[in-house]
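A.B. asks:
Residue numbers (UniProt numbering): 1 to 397.
#1: Please state whether DSSP places residue 248 in a helix, a strand or coil.
#2: Would you mind sorting residue 386 into buried or exposed? The rule is 16 or more other CB atoms within 10 Å of its CB.
#3: Of all the options 49, 84, 104, which has the alpha carbon lying nearest to the alpha carbon of residue 67?
#4: Check each candidate in 82, 338, 131, 69 and name the one with the smallest Cα separation from residue 102.
#5: According to DSSP, which residues form a beta bridge with residue 462?
#6: Sort out for me which residues DSSP pairs residue 200 with in a bridge.
#7: Using alpha carbons as the reference points, say which of 267, 256, 247, 149 lies closest to residue 210.
#8: What is the C-beta distance between residue 122 and residue 45, in whole angstroms, given that I count them as a contact (C-beta under 8 Å)?
#9: Could you have a look at residue 158 and say whether DSSP puts it in helix, strand or coil?
#10: Which residue comes first and which comes last in the beta strand (DSSP E) that contains residue 288?
#11: What is the DSSP secondary structure of residue 108, counted as helix, strand or coil?
#12: When you compare the stretch 105-117 with the stretch 135-151, are there three or more beta-carbon pairs, one atom per stretch, that lie closer than 8 Å?
#13: To the nearest angstrom, how far is the alpha carbon of residue 170 from that of residue 61?
#14: Check whether the stretch 362-371 touches the stretch 246-265, taking contact to mean three or more Cβ pairs, one atom from each stretch, closer than 8 Å.
#15: Could you spell out the range, first to last residue, of the beta strand (DSSP E) harbouring residue 119?
#16: Alpha carbon to alpha carbon, how far is residue 13 from residue 113?
#17: Going by other Cβ atoms of all chains shown within 10 Å of its Cβ, with 16 needed for buried, is residue 192 buried or exposed?
#18: What residues in its chain sit with their C-beta under 7 Å from that of residue 328, if we drop five residues either side in the sequence?
#19: Please classify residue 49: does DSSP put it in a helix, a strand, or coil?
#20: With a threshold of 16 other CB atoms inside 10 Å of the CB of residue 195, please say whether the residue is buried or exposed.
#21: Could you name the residues of the same chain whose beta carbon sits closer than 6 Å to that of residue 389, not counting the 5 residues immediately before and after it, in chain order?
#22: On the three-state DSSP scale, how would you describe residue 231?
The following block contains the structure:
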């Protein structure tokens, strides 16, 4: 669990704290707490801090306080707690307006509440959550990436994180794609997306055991009916792309399991789902393992050379023709099959005239000596195209 502006409201010494602005930003993650009385000191902050201010330096200078909030928001701080007392008697409406405009959480707290108590309470929560998260991540690494005998101790650890041995589970792998590789993204961005996922699951009354692994979040979730699982996944995708700029998401859903030892199998299946989505250049999409169709068979096949021979037997003439003549018959065939042999839709997707498409179809039939009206021929072409993509992914072409 991450420490957010919302979660700290329930902590000791914060019973009298009040949210006065920026409620939509309460999911901002707090990395630490700092008392900053002089605005010019904000340049030393790293981002993610929650600021405590009594107003001893700013006092009732409204413009200074508004500019200070603009500044710390631009530095990606989590929020500000303003002590209401001798220096700032009430929070000006201009400050409330800027907080709401920026979705920047602004809190007020009575002057008699000591900053040291507030700071210690929040920092203890941050530390405890960090220890718990690291423990959960180590547990997830154990059951996903390591081979060992499952024991009562392992089961007890799982139960401590919310696992129910009597419930069936599935794996979710949320894969993130950013303009920058997520390996280079800062920790704060990853934590923000992780928090979005946790919040969506909370809205569905779902508690997850999860781990952030490179550019993915791996989750263990109780199984529901298929429609509910799809809805949760799409909800996660919608929230991430709406709140995290320049980020797209795919979600792979592994098969169900009832034994903890089989979780790694489900995770492997979810990763295979993501490979198929990548093959087809899909973004912001969810697919489950039982929807992979013929790709499930491909993943089970050991003889890649035999697969390669099949696709070359079916497609080599077209591949060679395209290479020698700089044509796009392979691409045309793929789109024609994808659009269920609908002439108008295929031409529209390829940005060509329908008569141009009809000419290309005739050339494909002449070169391959096959009729695209034959369903068996279409099946072979479709299978060969999928094999070609699959082998490219496996670096076997």
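C-beta atoms are modelled at their ideal positions from N, C-alpha and C, and glycine is treated no differently.
Just so it is clear, the structure is predicted and the values come from calculations on it, not from any experiment.
C.D. replies: Taking the coordinates as given:
#1: strand
#2: buried
#3: 104
#4: 69
#5: No information on residue 462 is available, as it lies outside the stretch 1 to 397 that the chain covers here.
#6: Bridge partners of residue 200: none, in fact.
#7: 267
#8: That pair is no contact at about 16 Å.
#9: helix
#10: 285-288
#11: strand
#12: no
#13: 55 Å
#14: no
#15: Segment 115-145 is the alpha helix (DSSP H) holding residue 119; no beta strand (DSSP E) there.
#16: 7 Å
#17: buried
#18: 322
#19: strand
#20: buried
#21: 279
#22: helix
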